[in-house]
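All remarks here apply to the structure that follows.
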Amino acid sequence: MEPAEYELMHAVEDRMWWYRGLRRLVADQLARALSRSPAAGPVLDAGCGTGGMLRVLGASVAGRPTVGLDFNPVAAGLARGKAGRPVMSGSVNEMPVGDRKLGAYVSLDVLCHANVDPVTALKEAHRCLGPGAIAVLNLPAYAWMFSAHDRRTQNARRFNRGEA
């Protein structure tokens with residue numbers, strides 16, 4: 007993403023309806039799924055940006071460690087400060103996580119980025135997920151909705167049902 011977009015996200019993500027609604031939905035559904043899952047291991051917010059979702063996850067998945075991963079070191083630093091959780095710098099294309107170590111993988115609006123290969127990133131997620139682990143993805147839809155915001159956030163693709 008463009009550097010200014012990280013600053014904007016950091017400033018508005020706690021009060022903007024889109025972020026608040028998505029995070030509450032993801033956190034509630036993930037907590038429910040994890041309560042029935044035999045999966046052990048931490049919850050990874052893959053592409054955690056400036057840390058808003060990571061903070062919500064930390065409060066929602068009681069008893070499970072949460073950790074973030076972001077490609078941009080500035081975003082990773084902001085996320086550490088906001089979420090109070092460990093955040094690794096790295097790519098979802100080649101994650102610094104051991105095989106079958108994760109209890110859950112959360113990736114919101116990341117597979118669409120220009121520097122992400124969706125197939126490679128999903129293979130990496132699969133490699134890192136332990137038995138019975140949960141994966142939660144959010145993907146931007148419909149190419150006809152591509153906008154200036156997509157350009158600023160360096161989105162290279164939007165998905166339709168067949169692609170998802």
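With the working numbering applied, the sequence shown covers 7 to 170. Virtual Cβ for every residue (Gly too), placed ideally from N, Cα, C. Because the structure is a prediction, the values reported are computed rather than measured.
For residue i, which option in the options has the closest C-alpha, if you only look at C-alpha atoms?
{"i": "proline 44", "options": "Gly109, Gly104, Ala120", "result": "Gly109"}
{"i": "glycine 69", "options": "Ala162, Val49, Pro137", "result": "Val49"}
{"i": "glutamate 169", "options": "Met94, Arg91, Ala147, Ala127", "result": "Ala147"}
{"i": "methionine 101", "options": "Leu114, Thr126, Ala10", "result": "Thr126"}
{"i": "cysteine 134", "options": "Asp105, Met22, Arg167", "result": "Asp105"}
{"i": "arginine 38", "options": "Arg157, Ser66, Arg167, Ala120", "result": "Ser66"}
{"i": "proline 9", "options": "Ala162, Asn166, Arg157, Arg29", "result": "Arg157"}
{"i": "leucine 114", "options": "Trp23, Val32, Met22", "result": "Val32"}
Leaving out five residues on either side along the sequence, give the residues of the same chain with a beta carbon under 6 angstroms from the beta carbon of residue i.
{"i": "valine 112", "result": "Asp51, Val142"}
{"i": "alanine 81", "result": "Tyr12, Gly55, Thr56"}
{"i": "leucine 128", "result": "none"}
{"i": "glycine 47", "result": "Lys107, Leu108, Gly109, Gly136"}
{"i": "tryptophan 23", "result": "none"}
I believe residue i touches residue j by the beta-carbon criterion, under 8 angstroms. Please report the beta-carbon distance rounded to the nearest angstrom.
{"i": "valine 122", "j": "asparagine 99", "result": "6 angstroms"}
{"i": "alanine 120", "j": "alanine 162", "result": "4 angstroms"}
Within a Cβ cutoff of 7 angstroms, which residues of the same chain sit near residue i, ignoring the five residues on either side of it in sequence?
{"i": "aspartate 76", "result": "Gly53, Cys54, Gly55, Ala82, Ala85, Val93, Ser95"}
{"i": "proline 79", "result": "Ser95"}
{"i": "valine 116", "result": "Ala52, Gly53, Val98, Val122"}
{"i": "arginine 91", "result": "Leu60, Gly64, Thr72, Val73, Gly74"}
{"i": "tyrosine 25", "result": "Glu19, Gly58"}
Residues in its own chain within less than 8 angstroms of residue i by CB, not counting five upstream and five downstream?
{"i": "lysine 88", "result": "His16, Thr56, Gly57, Gly58, Leu60, Arg61"}
{"i": "isoleucine 140", "result": "Leu36, Ala39, Leu40, Ser43, Ala45, Gly109, Ala110, Tyr111"}
So what does residue i bridge to, in DSSP terms?
{"i": "glycine 74", "result": "Asp51, Val93"}
{"i": "asparagine 144", "result": "Leu114"}
{"i": "phenylalanine 165", "result": "Ala147"}
{"i": "leucine 108", "result": "Leu135"}
Got a sec: does the ligand ADP put a non-hydrogen atom nearer than 6 angstroms to the Cβ of residue i?
{"i": "alanine 45", "result": "Among the components of this structure there are no ligands whatsoever, and the ligand ADP is therefore not found."}
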